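Please read the structure below before turning to the comments.
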Amino acid sequence: MRENRELGKALIHKGANRLFPFAHRLSLVAALLTTLTWIEDLPAQNRLLPGLNEKSFYKEVSRPPGIGPDRELEREGARIGDIHIDAANIFDTRKPEENTRLFRLGNRLHIKTRDDTIRQYLLFRSGDRYQGRLLAESERLLRQRQYLHDASIRPVRRHDGVVDIEVKTTDVWTLKPGISFGRSGGENTSGVEIEEINLLGTGSSINLSSRNGVDRSSLSFFYRNPTLAHSWWDLSFGYSDNSDGKSGAFTLQRPFYALDTRTAGGVSWREFDRRESRYDLGRIVDQFFVDEKSINLEYGWSPGFISGWTSRYRIGFKIDDNRFQAIDSGTTLLPPDRRLYYPYLSWERREGKYHKDHNRNQISRTEDIALGWRMNATIGYAAPVFGADRESVILASTLRHGNLFSENRSLTWRASASARHEHGHWANALLGGRLQYHHHQSARRTFYLSFGADAASRLDIDRQLLLGGDNGLRGYPLRYQSGKGRWLFTAEQRYFSHWYPFRLFNVGGAIFADLGKTWGKTDVPGVQLGLLRDIGFGLRLGNARSGLGSVIHLDLAFPLDGTDDIES
40 MRENRELGKA LIHKGANRLF PFAHRLSLVA ALLTTLTWIE DLPAQNRLLP GLNEKSFYKE
100 VSRPPGIGPD RELEREGARI GDIHIDAANI FDTRKPEENT RLFRLGNRLH IKTRDDTIRQ
160 YLLFRSGDRY QGRLLAESER LLRQRQYLHD ASIRPVRRHD GVVDIEVKTT DVWTLKPGIS
220 FGRSGGENTS GVEIEEINLL GTGSSINLSS RNGVDRSSLS FFYRNPTLAH SWWDLSFGYS
280 DNSDGKSGAF TLQRPFYALD TRTAGGVSWR EFDRRESRYD LGRIVDQFFV DEKSINLEYG
340 WSPGFISGWT SRYRIGFKID DNRFQAIDSG TTLLPPDRRL YYPYLSWERR EGKYHKDHNR
400 NQISRTEDIA LGWRMNATIG YAAPVFGADR ESVILASTLR HGNLFSENRS LTWRASASAR
460 HEHGHWANAL LGGRLQYHHH QSARRTFYLS FGADAASRLD IDRQLLLGGD NGLRGYPLRY
520 QSGKGRWLFT AEQRYFSHWY PFRLFNVGGA IFADLGKTWG KTDVPGVQLG LLRDIGFGLR
580 LGNARSGLGS VIHLDLAFPL DGTDDIES
């Protein structure tokens, strides 16, 4: 903690003359540092995860004696026997602290996830040859479900060449009726909605909402069934009546749901009529109407998971149709219509490496971090013969890598590039990348660094590279700066306490600093302010019992630069 206090003091002294004109602001940061010290000394009766402590923080789920490691079971050709599903409710009333009237009522009102719903995501069946990799991958598939807090799969009994499997899951509250409120970059969002993300325990979701956002207000309906008719087909559709237009979407697809999936494909459709805005210094400087239509038909195949790698190939046809219209005399720069109809070919290759982590981006939840290499590339050709308004070669590629230096230090990075080649030059070219570093100093402290950058050339007029409070520069209005390029650096010290109030929220905190800037002139006139900095602190509430939002962020960020009209 001494190093953290010194870092906090240095940041405070550096910005004190400009940042804290009144003594009470300085006392806020001092109070935060004192609180974080107090949090670390809290008693451990309400731990982050049941049975988790400093020494066991990185250990996997234990196995009963006599089971043996995966390699031994696979070498002996063991078969999977009985599969026992243990689907726990939200609250464990066997614990005295959760055996209360309120928690018992919550369990009674909640419809538990059905065993068949959980079984759907298992990549193995009774009688199959035992493969430890499929147990771990099935765990990851279950943990991706918002309606589950966690999942564990392990062999529990070995007899006569057969291994019995136990699948344990814990539900979260999935019904969300009521009112929501948020604030980012100086702008408020609110809504009234009713949403259920585990309808009757089947894993389907339904949502009816009325929202007031930054860009528009809307009345929306959405439905999704990710396992249509107990298959891997994913069906979703939605409709929204917005203050500036309408939108609708439909998707029916069978994804590459596992590393060894051999075929995939589907169709998607989306239409969105809206008023689009251009920004400078967080204020709207231009507007126009957009009528956007997107249709995609795709088929994919794969040779499977071979020697730790999987390769996937896709062919498809895509319609990307954008029509633009001026808003009376209020539009100063109207983008030209853009109609791209094209077949495409896509290739993907990835390693099957993953790492279980805790207290990384969430609180008190197991997170699956992809390691190793992941890469993909897409090429398409638009032409009038397909219905396009031009000849164009469409290119896109992404390269990702995750590296685990030790049990408590990891580095992940991503690079991407996309562009069109038309009329003899490159258009809408965008090159970007992001690097993230996590250092678990203990089970309750994590140091985080992030750096991201993007650069554009001949960007379509309806697109802007923006930087502000809505995408990481927390001390400034949303969409504050724009340019042909941008970069953002973030440093954050995160704290995770033992405090578990009402056994509903895991409490944490953070001290952070953000630096970023944009550069380059665009078609939209704007003011370039150079380097922008902010520092701040915040409270983190891990939503341990609900699947509707994992972490609540309450941040106070103080700008060190910018124009004088920014609230301090």
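For what it's worth, my numbering labels the leading residue of the sequence shown as 40, then goes sequentially.
Ideal Cβ positions, reconstructed from N, Cα and C, are used throughout, including at glycine.
Predicted model only: the values in this text are computed from it and were never measured.
Proximity test, residue i beta-carbon vs the ligand PLP heavy atom, cut-off 7 angstroms
i      : result
Ser256 : In terms of ligand content, the structure shown is empty, and the ligand PLP therefore cannot be addressed.
N- and C-terminal bounds of the beta strand (DSSP E) containing residue i
i      : result
Arg197 : Leu187 to His198
Ser177 : Note, Ser177: premise wrong, no beta strand (DSSP E); alpha helix (DSSP H) at Gly171 to Arg182.
Asp594 : Val590 to Pro598
Leu571 : Leu571 to Asn582
Arg453 : Arg448 to Glu461
Arg293 : Gly284 to Arg293
Leu506 : Leu504 to Leu506
Phe163 : Careful: Phe163 lies outside any beta strand (DSSP E) and carries neither H nor E.
Asn281 : Asp273 to Asn281
Residue closest to residue i, alpha-carbon to alpha-carbon, out of the options
i      : options                           : result
Leu384 : Ser521, Asn510, Gly355 and Ser403 : Gly355
Tyr515 : Arg525, Gly321, Ser403 and Trp340 : Gly321
Tyr380 : Lys392, Tyr420, Phe363 and Gly391 : Tyr420
Ile236 : Arg255, Ser282, Lys151 and Tyr534 : Lys151
Glu337 : Asn146, Gly343, Arg353 and Phe544 : Arg353
Glu406 : His188, His462, Gly511 and Glu113 : His188
Leu267 : Asn415, Ser275 and Glu115         : Ser275
Pro265 : Arg184, Leu373 and Leu161         : Arg184
Arg362 : Ala435, Gly107, Thr371 and Asp428 : Asp428
Asn146 : Ile157, Arg158, Arg133 and Thr156 : Arg133
Gly242 : Leu506, Arg413, Arg502 and Arg263 : Arg263
Gly120 : Trp465, Asp604, Thr371 and Phe163 : Phe163
Arg473 : Asp131, Arg459 and Phe490         : Phe490
Glu111 : Ser191, Thr139, Ala435 and Val202 : Val202
Leu580 : Ala549, Ala482, Leu571 and His478 : Ala549
Arg513 : Phe597, Arg448, Ala456 and Ile408 : Phe597
His592 : Arg572, Gly511 and Arg542         : Gly511
Arg378 : Gln364, Ala365, Thr370 and Asp359 : Asp359
Arg404 : Ala583, Ser256, His394 and Leu498 : Ala583
Gly575 : Ser346, His462, Ala552 and Ile366 : Ala552
Ile157 : Leu144, Pro108, Ile418 and Ser270 : Ser270
Arg389 : Arg309, Ser177 and Gly411         : Gly411
Gly565 : Phe311, Asp154, Ile323 and Val306 : Ile323
Ser279 : Leu470, Val306 and Asn251         : Asn251
Trp452 : Arg102, Ala492 and Leu214         : Ala492
Glu137 : Asp573, Trp348, Gly547 and Leu543 : Leu543
Asp600 : Leu578, Gln567 and Asp594         : Gln567
Ala466 : Leu443, Asn447, Thr437 and Ile433 : Ile433
Ser248 : Asp330, Asp109, Lys215 and Ala409 : Lys215
Phe24  : Gly284, Gly277 and Gly304         : Coverage of the chain is limited to positions 40 through 607, which leaves residue 24 absent and any answer about it impossible.
Where the alpha helix (DSSP H) containing residue i begins and where it ends
i      : result
Gly157 : Checking the sequence, you will find Ile at residue 157 rather than Gly. Here the alpha helix (DSSP H) through Ile157 covers Asp154 to Gln159.
Asn128 : Premise fails: Asn128 is in no alpha helix (DSSP H) and is neither H nor E.
Asn146 : Arg140 to Leu148
Asp109 : Asp109 to Arg114
Per DSSP, cross-strand counterpart(s) of residue i
i      : result
Glu331 : Phe311 and Asn361
Glu531 : Tyr487 and Phe551
Asp562 : Answer is none; Asp562 lacks a bridge partner.
Ala494 : Leu470 and Gly524
His123 : Glu205
His477 : Ser449 and Tyr487
Val324 : Beta-bridge pairing links Val324 to no other residue.
Pro216 : Ile233
His464 : Glu461
Tyr338 : Gly304 and Ile354
Gly343 : Ser350
Lys134 : Lys134 pairs with nothing; no bridge assigned.
Asp210 : Leu187
Asp319 : Arg322
Ser585 : Trp212
Phe541 : For Phe541, which the question treats as bridged, DSSP gives no partner whatsoever.
Thr557 : Arg525
Arg118 : Arg168 and Val201
Determine, using beta-carbon pairs with one atom in the segment 290 to 309 and one in the segment 165 to 181, whether at least three such pairs fall under 8 angstroms. yes
List, from N- to C-terminal side, the alpha helix (DSSP H) runs of 4 residues or more that fit wholly inside the segment 365 to 446. none
Length at least 3, wholly inside the segment 234 to 269: the beta strand (DSSP E) runs in chain order: 244 to 251 and 256 to 264
Closer than 8 angstroms is the cut-off here; do at least three beta carbon pairs connect the segment 192 to 208 with the segment 122 to 136? yes
Evaluate the contact criterion for the segment 324 to 335 versus the segment 503 to 522: three or more CB pairs, one atom per stretch, below 8 angstroms. no
Can at least three beta-carbon pairs, one atom from the segment 498 to 505 and one from the segment 531 to 540, be found at a separation below 8 angstroms? no
So, do the segment 560 to 579 and the segment 461 to 477 have three or more beta carbon pairs nearer to each other than 8 angstroms? no
Counting pairs of Cβ atoms below 8 angstroms between the segment 193 to 200 and the segment 308 to 321, do you hit three or more? no
Three or more C-beta pairs under 8 angstroms: does that hold for the segment 482 to 489 against the segment 454 to 462? no
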